[in-house]
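Q:
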Amino acid sequence: MDLLNTLVDKGLRRESPTREEALAVLATSDDDVLDVVAAAGKVRRHWFGRRVKLNYLVNLKSGLCPEDCSYCSQRLGSKAEILKYTWLKPDQASAAAAAGVSGGAKRVCLVASGRGPTDRDVDRVSDTIKAIKEQNESVEVCACLGLLSDGQAERLREAGADAYNHNLNTSESTYGDITTTHTYADRVDTVNKAHAAGLSACSGLIAGMGESDEDLVDVVFSLRELDPDSVPVNFLIPMEGTPLAKEWHLTPQRCLRILAMTRFVCPDVEVRIAGGREVHLRTMQPLALHLANSIFLGDYLTSEGQAGHTDLEMIADAGFEVEGAGEVTLPEHRASVRGGGCGSHEGGAGCGSHEGADGDAGCGSHAGGAVCAPAPAARAEEPRTDLVAVRRRGAGTDLAPNA
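Numbering (numbering that gives the first Met the number 0), first residue to last: 0 to 402.
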């Protein structure tokens, strides 16, 4: 297919495809999906080899958010029966982070619900970052706390944060249909603040909210322009109790096409499969590793993910390897620009965050649901609501985390 050959050549040169080419990737048929994966996989392997970076979410403060993001289970007016708790103490958060690190995570993503942190909140998170770094000096820490005020990114950087996540989520033209309590421009401003403070910027999207192909291409091209080091791709988890609970538009094949398009547009950037992979990619998750070089390990913010040991088995079985703590995630030309390149990032978002990373349809990792017991196979067109499970373990509970 001439289109795919052209996109591979451009990806190896770090050259952006045209909008028309990106749209054409999304328009390919299910019959061609393996060809699309193979082509984008060449670009992925060129820049990242067969390494998979593991990231681990710690939800520092869950629920009761004043913002009205339609995709999020923590939103204002949400009826989702999620865990609700106020700030974890630094030792509690550090213990939760340690579980992820022991499971192989190279980055810990600290997420808190809310519009944005107060200066006191920044102090809290700074203490948590220091506690985590004292336990494991080499671990990367990404914060995802919402909209930043002047000077807050610098304070997080001084405390030892390596990265900051704030997702764009969808195109500028449709952003007002998803959220009304803040603007798309507010989000762009926060990503720019992170950049300016010397933090590795992480910003991504949520697919499956009823957007058009044009919207998906718009947001990915906007992300390329912002130039984050990491682009988490969340797949909406339609959680009961949220406005988007009935939005089940994704198939495994469409998810693969979205990831491939993102890889072609952002060839040398860490592309992370974030929330929703278990729900929408299902048994085709291993194919997605040929497109993305990063995933979340274990659970998300408010929803449960695939068992951590299953994630590790999947990576090994697919012929990939977990990226080590001593390895730099980003290619040399990007890592040097970032001053050594902590490389990545949620929930995770982005890294997760209160925006896509979670079972919430919108917290840094947007969350995949875990299934405690297999259910009878459903027809492909039927929503797999059986795959959505609210998180009841890990941070904020007395039960061991999934890592």
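Positions of the beta carbon are idealized from the N, C-alpha and C atoms, including for glycine.
What does the alpha-carbon distance come out to for the pair residue 275 and residue 234?
A: Rounded to the nearest angstrom, the two C-alpha atoms are 5 Å apart.
Q: Please give me, in chain order, every unbroken run of the alpha helix (DSSP H) with length at least 4 that falls completely inside the segment 213 to 278.
A: Counting whole runs of 4 or more residues, the segment 213 to 278 contains the alpha helix (DSSP H) stretches 251 to 264.
Q: Could you give the DSSP three-state label for residue 404: helix, strand or coil?
A: With the chain covering 0 to 402 only, the question about residue 404 has no answer from this structure.
Q: What residue does the alpha helix (DSSP H) around residue 174 start on, and which one ends it?
A: Note, residue 174: alpha helix (DSSP H), 174 to 177.
Q: Using the C-alpha atoms, what's the distance from residue 164 back to residue 258?
A: Answer to the nearest angstrom: the Cα atoms are 19 Å apart.
Q: Who pairs with residue 321 in a beta bridge, going by DSSP?
A: Bridge partners of residue 321: 51.
Q: Quick check on residue 56: does DSSP put it in helix, strand or coil?
A: If DSSP states are grouped into helix, strand and coil, residue 56 belongs with the strands.
Q: Considering only the beta carbon of each residue, do residue 162 and residue 111 sit closer than 9 Å?
A: Cβ atoms of residue 162 and residue 111: not closer than 9 Å.
Q: Using DSSP bridges, identify the partner residues of residue 107.
A: Bridge partners of residue 107: 55, 140.
Q: Let me check understanding here. Comparing Cα to Cα, which of 124, 330, 200, 322 lies closest to residue 100?
A: Selected option, being the one with the closest Cα: 322.
Q: According to DSSP, is residue 352 helix, strand or coil?
A: Below a pLDDT of 50, predicted positions are generally treated as unreliable, and residue 352, at 39, falls in that range; the measurement from the model is reported next regardless. In the structure shown, residue 352 sits in coil (DSSP, three-state: anything other than H, G, I, E or B).
Q: What does the Cβ neighbour count give for residue 277, buried or exposed, with the cut at 16 atoms within 10 Å?
A: By the neighbour-count rule (16 or more Cβ atoms within 10 Å), residue 277 is buried.
Q: Between residue 180 and the rest of its own chain, which residues show a CB-CB distance below 6 Å, the 5 nearest in sequence each way excluded?
A: Result list for residue 180: 66, 67, in chain order.
Q: In the DSSP assignment, find the alpha helix (DSSP H) that holds residue 183 and state where it starts and stops.
A: Segment 183 to 195, the alpha helix (DSSP H) holding residue 183.
Q: DSSP three-state call for residue 42: helix, strand or coil?
A: Here residue 42 sits in helix by DSSP.
Q: Does the beta-carbon distance from residue 393 to residue 297 come in below 9 Å?
A: It is a contact, given that the beta carbons lie within the stated cut-off.
Q: Here's the rule I'm using: 16 or more other beta-carbon atoms within 10 Å means buried, otherwise exposed. How should residue 315 be labelled?
A: Its Cβ having fewer than 16 others within 10 Å, residue 315 is exposed.
Q: Beta-carbon within less than 7 Å of residue 123's beta-carbon, same chain only, minus the 5 sequence neighbours each way: which residues are those?
A: These residues qualify, in order along the chain: 86.
Q: With residue 2 as the anchor, note down where its beta strand (DSSP E) starts and where it stops.
A: It is not in any beta strand (DSSP E) - residue 2 instead sits in the alpha helix (DSSP H) that spans 1 to 11.
Q: Could you tell me the boundaries of the alpha helix (DSSP H) in which residue 131 lies?
A: Unbroken alpha helix (DSSP H) run through residue 131: 118 to 134.
Q: For residue 214, count neighbouring C-beta atoms within 10 Å of its own C-beta (all shown protein chains included) and say buried if the count is 16 or more, exposed if not.
A: Buried: at least 16 other Cβ atoms inside 10 Å.
Q: Where do the ends of the beta strand (DSSP E) carrying residue 404 lie?
A: No answer is possible for residue 404: the residues shown for the chain start at 0 and end at 402.
Q: How big is the Cα-Cα spacing for residue 55 and residue 108?
A: If you take the alpha carbons of residue 55 and residue 108, they lie about 6 Å apart.
Q: Taking residue 185 as the reference, which of 146, 218, 216, 207 has the closest Cα?
A: For residue 185, the nearest C-alpha among the options comes from 146.
Q: In the DSSP assignment, the alpha helix (DSSP H) including residue 25 goes from what residue to what residue?
A: Where residue 25 is concerned, the enclosing alpha helix (DSSP H) stretches over 18 to 25.
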